[in-house]
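Okay, structure first, notes after.
Residue numbers (full-length UniProt numbering): 1 to 194.
Listed below in structure tokens is the structure:
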């Protein structure tokens with residue numbers, strides 16, 4: 001039996017080390033191909049430790065974290081995402097950012113992804129946000145590491161009411177598993193009104 005739980009404050013902080021390991025494992029696969037390390041993850045996850053309004057939704061199997069999704073008000077990520085939303089007709093103050101959703105493959109297809117979104121959207125509403133956004137990496141269909149038969153999550157996101165935000169592209173650098181050094185990646189923002 002998988003238990004999905006909303007964590008904030010100390011509970012969130014206590015789970016971040018496990019979230020770091022989960023991010024490294026899950027994001028190593030397509031489409032992220034992220035060759036991550038614990039030091040980078042610890043630094044990245046500090047945003048959630050510092051934000052009074054952050055949430056971590058964890059999926060636990062017998063006490064073991066097997067999936068996690070995080071979120072904070074977008075203003076907590078303004079340095080990272082301000083450029084992507086420049087020129088958009090919405091204030092960053094109105095947006096709640098749903099960051100990663102990572103779930104081990106053997107736990108997929110059982111509705112946990114929906115629970116992740118439900119919990120973060122409810123948290124965003126409770127905080128008074130009018131919009132929720134996330135971003136997903138853009139990869140070429142001809143990329144040599146694209147798995148045969150890969151099915152994008154676009155239909156899942158659209159079913160939940162999300163749509164790509166025209167022109168809202170974030171750019172981040174990370175090292176891919178098949179590259180000798182970091183390269184720049186483009187991530188498309190998706191958003192919905194609550």
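We put the CB at the ideal spot given by N, CA and C, even for glycine.
Same chain, Cβ closer than 8 Å to residue i, neighbours up to 5 away in sequence not counted
i	result
residue 104	22, 25, 26, 66 and 67
residue 167	87 and 88
Exposure of residue i, with buried meaning 16 or more beta-carbon neighbours within 10 Å
i	result
residue 114	exposed
residue 63	exposed
residue 37	exposed
residue 133	buried
residue 110	exposed
Distance between residue j and residue i (C-alpha atoms, nearest Å)
i	j	result
residue 95	residue 171	19 Å
residue 188	residue 153	13 Å
residue 32	residue 145	10 Å
residue 181	residue 122	39 Å
residue 100	residue 61	19 Å
residue 124	residue 50	17 Å
residue 112	residue 59	8 Å
residue 70	residue 42	14 Å
6 Å CB neighbourhood of residue i in its chain, flanking five on each side removed
i	result
residue 74	92, 95 and 97
Coil, strand or helix - residue i by DSSP
i	result
residue 189	strand
residue 56	strand
residue 65	strand
residue 146	coil
residue 22	helix
Residue i: CB within 7 Å of a non-hydrogen atom of the ligand MN
i	result
residue 54	Here there are no bound small molecules, and the ligand MN is not part of this structure.
Bridge partner(s) assigned by DSSP for residue i
i	result
residue 174	183
Close beta carbons around residue i, own chain, < 7 Å, minus the five adjacent residues each side
i	result
residue 85	92 and 168
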